[in-house]
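Asks: Have a look at this one.
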């Protein structure tokens, strides 16, 4: 996909984003104008115009860069909810007798809350009428039952988060947003490495990905996993009550 | 002459013209005021200096330049780990295994980048050997790099944390090539995994840096000498894109330390080159 940057003053962009009646302008300003005819030909989905959940509990992530930001926001909400629940467990100290490990999990909770709140504030500032709502986590009791199940769930979430950002970077058209995603993904990778080492020391960047059958977490080219939003949403959906609709997200 | 029409024409050829002029639009805003004040004859001069600024000093490095830059860093890491993994100064077998794993990844990165550069055509990628690197860091480390275990781990942490920041800084320059951008991101997160493990190893070793975490707190060097401060300067920010990360959310307090840890920061090519310069002959 050709990269475009906004070619009008930011104030106009923000007005376009904030004005629900000015969608055509918004598309033009964000460089998506070229995609409009394709969208019309493909039959524009009515859901494209709203990201508020409908009566069936579906959350539309939206399109373009804002859709990708909502996608990241959804994943950070899930991670923050999980670690908040872990640290709040009444038997947290029993499950994790090591003070170092408790500090690690508390740190990660704080980082994920920071990421969640960052996206909430940043999307609100840029596209208040397109931000997705707070999601309802659906964490099975088994995921919080033991040290092993907590770390296993954490590993899945962290490796999935890294793969999600690695796959979404190229879908962004705004260099500032790409830079911000880059600032977060390496922290997620640090989490993933530490969680893997807590499960088995030395597995920070080796062993099965646990996401794609047969794929090592770091492949023969020395590359980490990258997944499309569709792949990530399929894996994350069981942990979220609302149905996430990523069908309007960019794919290239 | 209508400057805005000219900019529009340039934009057809270079859609990033406005960002080149100034990503924050500040220069452009000033230019609006300029136009009113300057005599018509002076306008082309001001315009020329704007374009010079846009294409002269602030132009993004090419995709090829970024890949060559990454190739140099990956070679530095590969030859370091190749020597390190061959030593017998490890405190335990797990440490040696970890260095072997990382060495192999860095070799994979070197080969991958060489293939990517070759695939772009033009001159062959630069070839490096161990002799290209100075493991004494211009004498600063003496012969400790491969004889003193804590020093060896410290150098490894320095390289990994630098590598993460280097790829992060370069990523936006790769936006014109989706395939290369994604691969760079996939390498970037592997370097972050390495960095986390090295920092953990230094935390856990006997007489290690007990406060060292897998992530970077403020601009703390994690026990590295002051000469390495450049690797961590700038990591202490607690505001992202105008959003203050510090606060209390749902009863969970995010202090400045957590706010800085939650986001890694980029380095420019010049900053990275300055950091690794002592290791390059």
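Protein chains in written order, with the working numbering: chain A, 10 to 261; chain B, 401 to 681. Quick reminder that beta carbons are idealized off the backbone N, C-alpha and C, glycines included.
Using the beta-carbon of each residue, which ones in chain B are nearer than 7 Å to residue 127 of chain A?
Replies: Chain B residues near residue 127 of chain A: 640, 643 and 645.
Asks: Residue 173 of chain A and residue 241 of chain A - do their beta-carbons sit closer together than 7 Å?
Replies: Closer than 7 Å, so yes.
Asks: In whole angstroms, what separates the C-alpha of residue 605 of chain B from that of residue 597 of chain B?
Replies: Taking the straight line from one Cα to the other gives about 12 Å.
Asks: By the 10 Å Cβ neighbour count, where 16 or more other Cβ atoms means buried, how is residue 209 of chain A classified, buried or exposed?
Replies: It is exposed - the Cβ of residue 209 of chain A has fewer than 16 other Cβ atoms within 10 Å.
Asks: Which value, in whole angstroms, describes the spacing of the CA atoms of residue 631 of chain B and residue 67 of chain A?
Replies: Answer to the nearest angstrom: the Cα atoms are 45 Å apart.
Asks: Identify the residues that DSSP records as bridge partners of residue 144 of chain A: which are they?
Replies: Per DSSP, none; premise fails for residue 144 of chain A.
Asks: I'd like to know whether the C-beta of residue 670 of chain B is nearer than 7 Å to at least one C-beta of chain A.
Replies: False, the Cβ-Cβ gap to chain A never drops below 7 Å.
Asks: Can you check whether the C-beta of residue 199 of chain A is within less than 7 Å of a C-beta belonging to chain B?
Replies: So yes, residue 199 of chain A belongs to the interface.
Asks: In whole angstroms, give me the CA-to-CA distance for residue 135 of chain A and residue 82 of chain A.
Replies: For residue 135 of chain A and residue 82 of chain A, the distance between alpha carbons rounds to 14 Å.
Asks: In the DSSP output, which residue or residues are listed as bridge partners for residue 647 of chain B?
Replies: Bridge partners of residue 647 of chain B: B:654.
Asks: Could you tell me if residue 543 of chain B is buried or exposed, where buried requires 16 or more neighbouring beta carbons within 10 angstroms of its beta carbon?
Replies: With fewer than 16 other Cβ atoms within 10 Å, it is exposed.
Asks: Would you list the one or two residues that DSSP bridges to residue 252 of chain A?
Replies: According to DSSP, residue 252 of chain A bridges with A:67.
Asks: Would a check of beta-carbon distances place residue 36 of chain A closer than 7 Å to chain B?
Replies: Caution is warranted here: a pLDDT of 33 is assigned to residue 36 of chain A, below 50, making its placement in the model unreliable, and the coordinate value is therefore given only provisionally. No, no contact with chain B.
Asks: Which residues of the segment 189–213 of chain A have a Cβ closer than 7 Å to any Cβ of chain B? Give them in chain order.
Replies: Hits within the stretch, in order: 189, 191, 192, 193, 194, 195, 196, 198, 199, 201, 202, 203, 206, 210, 211 and 213.
Asks: Identify the continuous alpha helix (DSSP H) that holds residue 86 of chain A and give its terminal residues.
Replies: It spans 73–96 - the alpha helix (DSSP H) in which residue 86 of chain A sits, taken as one unbroken run.
Asks: Tell me which residue opens and which closes the alpha helix (DSSP H) that residue 552 of chain B is part of.
Replies: Counting along the chain, the alpha helix (DSSP H) containing residue 552 of chain B begins and ends at 549–570.
Asks: So for residue 221 of chain A, helix, strand or coil by DSSP?
Replies: The answer is coil: DSSP assigns residue 221 of chain A none of H, G, I, E or B.
Asks: Can residue 497 of chain B and residue 211 of chain A be called in contact, C-beta distance under 7 Å?
Replies: Cβ distance < 7 Å, so residue 497 of chain B and residue 211 of chain A count as in contact.
Asks: Would a C-beta distance cut-off of 7 Å place residue 121 of chain A and residue 92 of chain A closer than the cut-off?
Replies: Taking 7 Å as the Cβ cut-off, residue 121 of chain A and residue 92 of chain A qualify as a contacting pair.
Asks: Is the Cβ of residue 178 of chain A closer than 7 Å to any Cβ of chain B?
Replies: Answer yes: the Cβ-Cβ gap between residue 178 of chain A and chain B drops below 7 Å somewhere.
Asks: For residue 238 of chain A, which residues from the same chain have a beta carbon less than 6 Å from its beta carbon, with the 5 sequence-adjacent residues on both sides left out?
Replies: Excluding sequence neighbours, residue 238 of chain A sits near 80, 255 and 258.
Asks: Smallest Cα separation from residue 586 of chain B: which of B:568, B:538 and B:573?
Replies: That would be B:568, whose Cα lies nearest to the Cα of residue 586 of chain B.
Asks: Of all Cβ atoms in chain A, is any one closer than 7 Å to the Cβ of residue 561 of chain B?
Replies: Not closer than 7 Å to any Cβ of chain A, the Cβ of residue 561 of chain B fails to qualify, so no.
Asks: Using Cβ-Cβ distances below 7 Å, what residues of the segment 212–238 of chain A are close to chain B?
Replies: If the cut-off is 7 Å between Cβ atoms, the segment 212–238 of chain A has 213, 214, 215, 227, 229, 230, 231, 232, 233 and 235 near chain B.
Asks: Which chain B residues sit within Cβ distance under 7 Å of residue 187 of chain A?
Replies: What residue 187 of chain A touches in chain B: 571, 572 and 575.
Asks: Quick check: what's the CA-CA separation for residue 69 of chain A versus residue 141 of chain A?
Replies: Taking the straight line joining both Cα atoms gives about 7 Å.
Asks: Report, in whole angstroms, the separation of the C-beta atoms of residue 558 of chain B and residue 473 of chain B, which I expect to be a contact under 8 Å.
Replies: About 12 Å; that fails the 8 Å criterion.
Asks: Based on the DSSP secondary-structure assignment, which residues constitute the bridge partners of residue 399 of chain B?
Replies: Summary: the structure shown does not reach residue 399 of chain B, with chain B confined to residues 401 through 681, and so no result is reported for it.
Asks: Excluding the 5 residues flanking residue 401 of chain B on each side, which residues of the same chain have their C-beta closer than 6 Å to its C-beta?
Replies: In this predicted model, residue 401 of chain B has a pLDDT of only 40, less than 50, meaning its place in the structure is not dependable enough to derive any value.
Asks: Out of curiosity, what's the CA-to-CA distance linking residue 221 of chain A and residue 162 of chain A?
Replies: Cα to Cα, the separation comes out at about 16 Å.
Asks: Between residue 74 of chain A and residue 183 of chain A, which are expected to be in contact by the criterion C-beta below 8 Å, what is the C-beta distance as a whole number of angstroms?
Replies: Between residue 183 of chain A and residue 74 of chain A the Cβ distance is about 5 Å, and since that is below 8 Å, they are a contact.
Asks: Would you mind telling me which residues of chain B sit closer than 8 Å to residue 93 of chain A, beta carbon to beta carbon, in chain order?
Replies: Residues of chain B passing the Cβ test: 650 and 652.
Asks: Whole angstroms are fine: how far does the CA of residue 111 of chain A sit from the CA of residue 663 of chain B?
Replies: For residue 663 of chain B and residue 111 of chain A, the distance between alpha carbons rounds to 21 Å.
Asks: Determine the contact status of residue 564 of chain B and residue 591 of chain B, defining contact as a CB-CB distance below 7 Å.
Replies: Going by C-beta atoms, residue 564 of chain B is nearer than 7 Å to residue 591 of chain B.
Asks: For residue 680 of chain B, write down the residues that DSSP places opposite it in a beta bridge.
Replies: In DSSP, residue 680 of chain B forms a bridge with B:533.
Asks: How about residue 496 of chain B: is its C-beta nearer than 7 Å to some C-beta of chain E?
Replies: The displayed structure is made up of protein chains A and B, and chain E is not among them.
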